[in-house]
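For our numbering, count along the sequence shown from 1 and bump the result up by 27. Following: one structure in structure tokens, then a few remarks.
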Amino acid sequence: MLNCREVTRLVSESQERRLSVVEKMSLNLHLMMCDGCKNFSLQVPFLRRAMKAYSERLEEMIEDQGGETPQNAEDKSK
Ligand SMILES: [Zn+2]
């Protein structure tokens with residue numbers, strides 16, 4: 028039987044890799060009985076999308092700033 032800690036780990040890993048049948052079965056069994064982990068498993072895909080969107084925006088911001096660093100301005104004046 029999995030404990031909550033193992034379940035949250037498996038839920039996170041299920042985003043990265045395919046779980047084995049045994050892992051899926053024990054995971055689902057726990058989720059049926061544990062509201063905390065059930066809520067967590069529902070939030071993970073959402074959090075993952077949010078994190079991805081956030082990091083993409085962050086990259087865009089960094090790229091935007093790249094054109095206006097003092098170093099570049101100096102190069103242009105040469
Ligand atoms: Zn649990």
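All residues carry an ideal CB built from backbone N, CA and C; glycine is no exception.
{"Item": "Look at the alpha carbon of leucine 29 and the alpha carbon of lysine 65, and state the distance between them as a whole number of angstroms.", "Value": "13 Å"}
{"Item": "Within the present structure, is the beta-carbon of glycine 63 separated from the nearest heavy atom of ligand 1 by less than 7 Å?", "Value": "yes"}
{"Item": "As a quick exercise: from Lys51, Val48, Ser39, pick the residue whose alpha carbon is nearest that of leucine 74.", "Value": "Ser39"}
{"Item": "Please report the straight-line C-alpha distance between aspartate 62 and serine 41, rounded to a whole angstrom.", "Value": "18 Å"}
{"Item": "Starting from glutamate 50, trace the alpha helix (DSSP H) in both directions and tell me its first and last residue.", "Value": "48-60"}
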